[in-house]
Structure formats: structure tokens, C-alpha cells
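Participant:
Right under this line is the structure:
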């Protein structure tokens, strides 16, 4: 409400219209009366017991902050925490192969179910022996539910959603037509983003494949089944991801739907979790709203998850994220929550990594480093170097980073 007063009347009208469009376009069905939210007692007692195939142990707890070191044990190896988790969207890293990443100390890789669902398909990966055999990497993997990418079809990336104030993503038809004129390859169809990109009901979400335009239905159960076939060590339940700029009532309704979807996902997972030997993390929602996020944390941590992920809208910038972590993370040390690992979804730039670790986050994933590399930006102890700039053209013999012994710094100058 304060924000609406500050931005003025005309902008308030624009935000109100955006909120209305979010409600009318993306939520085709509001009837959730027949979907009762399960209680902890609805899950089998054995689900709350320690697992022999997945374990988290705290090695050291800082006395000056919430920071801690720990170790996650999975069927495909251990993960030392705090851990940066590189994102290999299609089960492959960009700008570097798995062997070199592993040599550099990369222990856990994050892959996206949405992309693997469309190409090559979960069954292809399953028949190849699972993601570890499929990629030739016998180290831990984590997959998401596919929900983030599905909702991005309507609102774009987190950055695009924040910049547009939650405005629906426009169709990229003009971009595609322009690419065709230049004979450039464009893998995205013009009819898979924007206003009609995503349909959400209480039971499922429907979207169009960016490859051939075919309609795809994703339910909490089918997302879990796909991740079972993919075979990652850690999987994520289906959740709803509204844009940052929506009103509180819409956010509250979205949080409750995510709770119902996550509970259904957990029920599906537990059917064969002991045979599959996969762990599953919940996703805490609520945006930057203290009451809603606290409610989400308290409900989801009462259920038999193997770890906790922090997702949804995490604020408009690093400062809001830091504030969010500041009041929320201490709650994870209460009521028996301390002994499970915590993962921050989708954010791992250098400043946010530092803030997350200080506040007790154990792992965080991001495509940030590989994205920087592809665009010619190097990370050094002195800060970022944009190596394509003209001032570096004659930097003969000048080391990239004097104190670094990585492969790049050892073999190349600026």
C-alpha cells in the first residue's frame, strides 16, 4: 500500500490492470474446495525417519552469524556446503564441460525438467540409465519441477518481470520474423509466450512446447514422475510462480495453491521414494510478505521433506533479498528445522552468495558464471573484467588475476 501511494495514481492504475490480467488469464479455475490441504498426520510415519541414502550433517556453526559448513550425502557422492550449484539447463553446462567443472570442484549440478521434458524427453533419459549415465557424470544432480520455466513463458525472466512491473510478456513474433529475414536460426515459436501462453487450473498447468507448439499438461504428479525418470539425486515439487508485482490477495491464493501442489507432489514421491533413493525439497513461498512467507515456512517444514528450498519472488533486487533472508533464516533454526539443508533457488551472484551464506543458506544455484563467460566477462578478486573492451586489446602479458591458478588464468593473459 505504501508503494502504491509513493508511485502515484496513474501508476497505481497500471499496476491494478496488470493484477487483474494475472487473475483472469492465468487462473481459469478458482475452485479448490475439494482439494483439502494435507496435515502432517496424512503422511506415513516412516517418511519422517532418517534416510540411509540421503543425509545432511552440520560440520561447524559460526558463533558470529548463521553461517555454517556441512555435508550432504547422496547416492552419487557428497556435497560440501556452503555450495554453489552450477546450472546445466539441458543437463549440460555452457562454456565448460562436466569434466573440467568437476576438476574445479563442482559437486552438484542443477538441470531443468521443463527443457528435458520437451527434449529429449524423460523416457529417453530413463532408458539410457538416468541422467548420470545419459551425461556420463557420476556425481550429484538436482532437477526442478519445470514450473519456473512454464510461468516464465507468460512473464519472462525474473529480470523481465521486475522491469515490466508484472506485465504479461509480449509474443516474440516480431523477433522471430526479424530473425528469419536475416536467415538466423530461431528455436522459439511465436505462439508460445505472452497472454495465451499458460493456463492454470487447480489440477494442472497447460503450456505450449517452444519446439512444435504442442500443448503440454503438467501436474504435480506428472512433474514428479518426469523427475523420477530423469533420476536426479534431489528433486523439486511443482509450484506456482506469480510475478513480483501482484496484490496480496492474489499472492495469498498463489501460496495456498503451491502448498496444495507441493503436498500432492510429496504424496506422489513417497510412493516409491525408498526404491528410487531420491530426496525431495519443499519450496517456501510468500514473496516478501512476512506473514505469508512465515505461514508457508511453518506449514511446509511440518511435512516430511528431505530439505528446504527458498523460492518464489525474492524481492526487487539484492537489498530486498538481504532483508528477506535477515528475518526469515533465523526461523529455520527453530522447532527442529536446523538439521535439514536449505537451498536458495536461482540466485548466486557474488554479493548475494555472501549474504546468503552469512544468513545460513547451505546451497544456491545460478547460471550467472556461465552467462558471464559467454558474454566475455571474467570474475576476479579485483572485480569483474569485461575482456572484450578495447582497453584490453594490447594488455600483453598482463595476468587476468594475479592470485588465481585456474586453467584460464594459468594459460591466458588479458
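Numbering (the working numbering), first residue to last: 18 to 431. We put the CB at the ideal spot given by N, CA and C, even for glycine. These numbers were taken from a predicted model, which means no experiment stands behind them.
(1) Please name the residue in 369, 385, 346 and 407 whose C-alpha comes closest to that of residue 83.
(2) Please determine if the segment 68-76 and the segment 51-60 are in contact, where contact requires at least 3 C-beta pairs separated by less than 8 angstroms.
(3) Is residue 382 helix, strand or coil by DSSP?
(4) Is the beta carbon of residue 397 sitting closer than 8 angstroms to the one on residue 415?
(5) Name the DSSP bridge partner or partners of residue 444?
(6) Could you tell me the alpha carbon to alpha carbon distance between residue 87 and residue 98, rounded to whole angstroms?
(7) What is the DSSP secondary structure of residue 262, counted as helix, strand or coil?
(8) Quick check on DSSP: helix, strand or coil for residue 232?
(9) Is the segment 366-373 touching the segment 74-83, taking contact as three or more C-beta pairs under 8 angstroms?
(10) Between the C-alpha atoms of residue 357 and residue 376, what's the straight-line distance to the nearest angstrom?
(11) To the nearest angstrom, how far is the alpha carbon of residue 107 from that of residue 263?
(12) Within 10 Å of its beta-carbon, does residue 129 have 16 or more other beta-carbons around it, so buried, or fewer, so exposed?
(13) Would you decide whether residue 265 is buried or exposed? Buried here means 16 or more other CB atoms lie within 10 Å of its CB.
(14) Verify whether the separation of the beta carbon atoms of residue 303 and residue 329 is less than 8 angstroms.
(15) Can you confirm whether the segment 271-290 touches the segment 337-356 when touching is taken to mean that 3 or more C-beta pairs between the two stretches lie within less than 8 angstroms?
(16) Comparing alpha-carbon positions, which option in 292, 426 and 349 lies nearest residue 92?
(17) Give the secondary structure of residue 281 by DSSP, where H, G and I count as helix, E and B as strand, and everything else as coil.
(18) Among 165, 164 and 136, which one has its Cα closest to the Cα of residue 247?
(19) For residue 350, which residues from the same chain have a beta carbon less than 8 angstroms from its beta carbon, with the 5 sequence-adjacent residues on both sides left out?
(20) Measuring only the C-alpha atoms, how far is residue 196 from residue 428?
(21) Any beta carbon from chain B within less than 8 angstroms of residue 72's own beta carbon?
(22) Touch check for the segment 101-115 and the segment 216-232: three-plus C-beta pairs under 8 angstroms?
(23) Can you tell me which residues form a DSSP beta bridge with residue 121?
(24) Skipping 5 residues on each side, what residues in its chain have a beta carbon closer than 7 angstroms to that of residue 123?
(25) Residue 310: which of 341, 336, 430 and 225 sits nearest, CA to CA?
Facilitator: This is what the structure gives:
(1) 346
(2) no
(3) strand
(4) no
(5) Because the chain is modelled from 18 through 431, residue 444 falls outside the range shown and cannot be assessed.
(6) 5 angstroms
(7) coil
(8) strand
(9) no
(10) 15 angstroms
(11) 31 angstroms
(12) buried
(13) exposed
(14) yes
(15) no
(16) 292
(17) helix
(18) 136
(19) 83 and 377
(20) With a pLDDT of only 46 at residue 196, under the threshold of 50, the placement of this residue in the model should not be trusted; the figure read from the coordinates follows. Between residue 196 and residue 428, the C-alpha separation is close to 37 angstroms.
(21) Judged by its chain identifiers, the structure shown contains no chain B, having just a single protein chain.
(22) no
(23) Per DSSP, none; premise fails for residue 121.
(24) 103
(25) 341
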